[in-house]
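Colleague:
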Amino acid sequence: DETYVGGSREGKRGRGAEDKTLVAVAVETNGKTMGRARFQTISSTSREDLHGFIYVHVASGALVHTDGLASYDRLKEYRHAPRKKSKENPDVLPRVHIVVANLKMWLRGTYNRLPAKHLQRYMDEFTFRFNRRWNLSSIFSILFCRCLTTQTITFADLTR
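So for the sequence shown, the numbering used here puts the first residue at -5; every next one is plus one.
#1: Check whether the segment 8 to 28 touches the segment 90 to 99, taking contact to mean three or more Cβ pairs, one atom from each stretch, closer than 8 Å.
#2: Consult DSSP for LEU57 and reduce its assignment to one of helix, strand or coil.
#3: What does the alpha-carbon distance come out to for the pair LYS90 and MET117?
#4: Taking the straight line between their C-alpha atoms, what separation do you get for ARG102 and GLU(-4)?
#5: If I measure Cβ to Cβ from ALA56 and keep anything under 8 Å in the same chain, skipping five residues before and after, which residues do I get?
#6: Jot down the residue ranges of each uninterrupted alpha helix (DSSP H) in the segment 72 to 147, minimum 4 residues, whole runs only, in chain order.
#7: Okay, do the segment 32 to 43 and the segment 56 to 69 touch, 3+ Cβ pairs below 8 Å being the bar?
#8: Looking at the unbroken beta strand (DSSP E) that takes in TYR(-2), where does it start and where does it end?
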């Protein structure tokens, strides 16, 4: 699915979301529970942008459920199962919507200001925490190892 994040106007979408950032979202599921999540800022809901996100973050041959947006059509390397909204099924992607709501709540509660140019880094932090939520004891050691093996980002690089 995709969502708008950030900006100064709460709840605005589409034409009212000029100051918000468009984000593609994928949530792994086995049908009962949620697994890992992935977020990526994208420039539009075009077929090119959404397919690019899926090709990077979803294993080839996986079953992909979408909300039926035309841009998701023709996913050649995947089994695609679009879900249509109805009276009986008003929320076609409930797990994705739960994860998006958690992301937005976490961002509002953690950061006073959310510049769009740093949004991907904030979402990467949320993803790291979310994907390890069942193994909290390992978060520090994994993060420590990554800090030792990752190239340092200077303040100049961060604010560029």
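Don't be surprised by glycine CBs; every beta carbon is placed ideally from N, CA and C.
Modeller: Quick look at the numbers:
#1: Output reads yes: the segment 90 to 99 touches the segment 8 to 28.
#2: Along the sequence shown, one-based indexing puts residue 57 at 63. It is a strand residue.
#3: On the sequence shown, position 96 is the one that residue 90 refers to. On the sequence shown, position 123 is the one that residue 117 refers to. Checking the displayed sequence, the identity of residue 90 turns out to be Val instead of Lys. So the alpha carbons of these two residues sit roughly 14 Å apart.
#4: On the sequence shown, residue 102 is found 108 positions in, with the first residue counted as 1. On the sequence shown, residue -4 is found 2 positions in, with the first residue counted as 1. Going by the C-alpha atoms only, they are around 19 Å apart.
#5: Against the sequence shown, residue 56 aligns to sequence position 62. Taking C-beta separations shorter than 8 Å and ignoring five residues to either side along the sequence, the partners of ALA56 in its chain run TYR72 and ARG73, following chain order.
#6: For the segment 72 to 147, the continuous alpha helix (DSSP H) assignments of 4+ residues that do not extend past its boundaries occur at 88 to 104, 113 to 125 and 133 to 143, in sequence order.
#7: Between the segment 32 to 43 and the segment 56 to 69 there are three or more C-beta pairs closer than 8 Å, enough to call the two in contact.
#8: In the sequence shown, counting from the first residue as 1, residue -2 sits at position 4. Secondary structure note for TYR(-2): its beta strand (DSSP E) is the uninterrupted segment -4 to -1.
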